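> As they're listed, the protein sequences go chains A and U. Just so you know, we're using our numbering here: the first sequence kicks off at 1 and counts up by one. Just so you know, we're using our numbering here: the second sequence kicks off at 215 and counts up by one. Glycine residues also receive a C-beta, built at the ideal position from the N, C-alpha and C atoms. Here the structure is a predicted model, which means the values were calculated and not measured.
2 protein chains.
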Amino acid sequence: MIRVALIDDHALVRAGVRGELEESENSDVEVVAEAGTVADAIDAIVRSKPDVVVCDVHLPDGTAADVIAGVVERGVTSRFLALSVSDAATDVIHVIRSGARGYVTKAIEGPDLVNAVRRVNDGDAVFSPRLAGFVLDAFSANLESPGNPELDELTAREQEVMRLLARGYAYKEIARRLSISIKTVESHASAVLRKLQLSSRNELAAWAANRKLV
Amino acid sequence: MIRVALIDDHALVRAGVRGELEESENSDVEVVAEAGTVADAIDAIVRSKPDVVVCDVHLPDGTAADVIAGVVERGVTSRFLALSVSDAATDVIHVIRSGARGYVTKAIEGPDLVNAVRRVNDGDAVFSPRLAGFVLDAFSANLESPGNPELDELTAREQEVMRLLARGYAYKEIARRLSISIKTVESHASAVLRKLQLSSRNELAAWAANRKLV
DNA sequence: TCGACCATCGGGACTTACCCTGATGGCACC
DNA sequence: GGTGCCATCAGGGTAAGTCCCGATGGTCGA
């Protein structure tokens with residue numbers, strides 16, 4: 001049996017979801033806790049340690065992200081499925097970022113909801129069809145691109161120095177870390193700026209940030 | 215019926231997958247094309263325009279990413295489900311980044327594979343349980359956090375100067391752009407560093423880069 | 001063996017960043 | 001009508017970055 005906690009500020013919604021989860025045929029889902037606020041939810045989850053938490057995104061005293069943060073802080077490892085009327089990108093991203101393994105809208109049908117709970121319980125990722133697209137878009141858009149042609153012009157040592165420069169280390173620090181003199185660091189830094197056609201380490205920091213080399 | 219193209223360099227694997235997809239009960243899947251190389255795959259997909267492409271990650275003359283790039287370039291909008299023996303993070307991320315909507319390993323069972331194809335066809339995201347975790351981890355780690363509490367401590371003007379500092383502009387440049395004196399820029403910069411507890415503009419650049427404020 | 005490239009240093013000069021103290025006027029809140 | 005916060009600016013100082021000039025030794029390939 002999959003033990004589920006139900007978090008939603010409307011008792012009616014909770015009742016509806018509970019019905020769908022428990023009364024469908026061959027259901028292996030059991031609702032072991034319910035709550036309507038962030039505070040109550042954290043309490044209930046910590047106490048009952050469910051396998052899966054089905055959680056509304058917007059609650060009277062906070063969001064699903066607050067609930068997740070609260071229970072993670074207390075060492076609970078339940079998996080979270082966010083359930084919301086909202087399909088706004090910011091809501092979705094915020095909750096996913098907090099650690100939810102799935103996000104479905106309330107337009108979902110009963111059997112699909114049971115299925116979603118099962119999949120989340122298995123560690124799988126579940127999204128409503130409409131959401132899958134831009135979640136993956138956001139995902140792929142935020143990964144570093146592998147090829148940086150200008151970077152090949154730098155020698156190995158120069159790249160090493162470049163990375164430390166981009167991270168904001170002072171020459172003195174870089175010299176210490178690489179066990180070389182400040183003057184050598186200056187030489188490499190100079191070569192880096194010249195080859196990348198930049199005029200200061202500050203432009204270099206921006207350059208590196210754009211290419212996600214930090 | 216869901217029209218599917220099957221890309222894998224081993225005919226035996228293709229036969230096995232085809233069997234699983236077409237011969238399971240109530241199957242609504244139809245294999246309309248097959249190929250074993252990147253070149254053949256692009257040809258076959260462009261010709262048959264399947265709903266879903268089930269594609270091995272490693273092919274003799276390239277990868278699934280190459281196939282996706284090739285057909286997208288030709289205006290085909292089929293959805294891709296990557297199928298591989300590999301569960302290496304780099305493989306997964308590379309393929310997802312190219313636009314695949316799902317990634318499952320070959321350890322998947324027949325009915326689950328049919329289900330995965332259906333879900334991808336619906337625009338949903340599908341991952342093998344083991345993969346869902348770190349795909350989402352990579353995803354969330356690469357999204358900007360909406361709330362930057364320390365940022366609220368900065369006044370509007372200080373934030374403005376901070377952004378320009380992070381972009382690598384010299385004080386002189388910032389002064390010119392904001393039509394104020396260098397000394398004023400220094401004041402704001404000083405306040406920014408103090409409030410963010412940073413010791414130099416170079417650390418600030420790294421700080422801003424991490425929070426994607428550039 | 002010689003030349004090309006690289007990593008390693010040094011001296012010196014100039015510019016820039018950063019900090020400190022202190023000042024002015026504007027604006028809002030009580 | 002203070003009191004505080006903000007934006008604006010100044011002088012003067014230390015530290016750091018940037019760029020010149022140069023030098024040495026190592027490796028690798030023609």
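Could you pull out every unbroken alpha helix (DSSP H) segment of at least 4 residues lying fully inside the segment 141-204 of chain A, listed in chain order?
156-166, 171-178, 182-195
> Starting from the Cα of residue 74 of chain A, find the closest Cα among A:56, A:61, A:109, A:43 and give me that residue.
A:43
> Is residue 37 of chain A closer than 8 Å to residue 8 of chain A when the C-beta atoms are compared?
For the pair residue 8 of chain A and residue 37 of chain A, the CB atoms are not nearer than the 8 Å cut-off.
> Quick check on the burial criterion: 16 or more other C-beta atoms within 10 angstroms. Buried or exposed for residue 167 of chain U?
Residue 167 of chain U falls outside the range modelled here, since chain U spans only 215 to 428, and no answer is possible.
> Could you name the residues of chain A that residue 292 of chain U contacts, counting a contact when the two beta carbons are closer than 9 Å?
Result: empty, since nearest Cβ-Cβ is about 14 Å, beyond 9 Å.
> Using only alpha-carbon positions, find the residue among U:267, U:299, U:273 that is nearest to residue 285 of chain U.
U:267
> Are residue 299 of chain U and residue 216 of chain U closer than 8 Å when you measure CB to CB?
no
> Select from U:412, U:272, U:241 the residue whose C-alpha is nearest the C-alpha of residue 308 of chain U.
U:272
> Between the alpha carbons of residue 269 of chain U and residue 254 of chain U, how many angstroms are there, rounded?
12 Å
> For residue 97 of chain A, count neighbouring C-beta atoms within 10 Å of its own C-beta (all shown protein chains included) and say buried if the count is 16 or more, exposed if not.
It counts as buried.
> If you pair each beta-carbon of the segment 190-198 of chain A with each one of the segment 151-165 of chain A, do three or more pairs fall below 8 Å?
yes
> Just to confirm, is the Cβ distance from residue 126 of chain A to residue 81 of chain A under 8 Å?
yes
> Just to make sure I have the definition right: I need the residues of chain A whose C-beta is within less than 9 Å of the C-beta of residue 414 of chain U. Which are they?
168, 170
> Using a cut-off of 9 Å between C-beta atoms, extract the partners of residue 11 of chain A located in chain U.
Within 9 Å Cβ-Cβ: nothing; residue 11 of chain A doesn't reach chain U, min ~30 Å.
> Who are the near neighbours of residue 291 of chain U in its chain, counting only those whose CB is closer than 7 Å to its CB and skipping five residues on each side?
none
> Closest to residue 412 of chain U by C-alpha separation, out of U:386, U:241, U:246, U:380, would be which residue?
U:380
> Straight-line CA distance for residue 233 of chain U to residue 245 of chain U?
10 Å
> Do the CB positions of residue 328 of chain U and residue 243 of chain U come within less than 8 Å of each other?
yes
> By Cβ distance below 6 Å, which residues in the same chain neighbour residue 145 of chain A in space, the five residues on each side in sequence not counted?
Note that residue 145 of chain A has pLDDT 39, beneath the 50 cutoff, so the model's placement of it is unreliable and no number is given.
> Under three-state DSSP, which class holds residue 9 of chain A?
coil
> Closest Cβ-Cβ distance between residue 143 of chain A and chain U: below 8 Å?
Per-residue confidence for residue 143 of chain A stands at a pLDDT of 41, beneath the threshold of 50, marking its modelled position as unreliable; the derived number appears in the next sentence. It does; some Cβ of chain U falls within 8 Å.
> For a test of the three-state rule: what should DSSP assign to residue 258 of chain U, helix, strand or coil?
In the displayed model, residue 258 of chain U falls within a helix according to three-state DSSP.
> At the 8 Å Cβ level, is residue 109 of chain A part of the contact set with chain U, yes or no?
no
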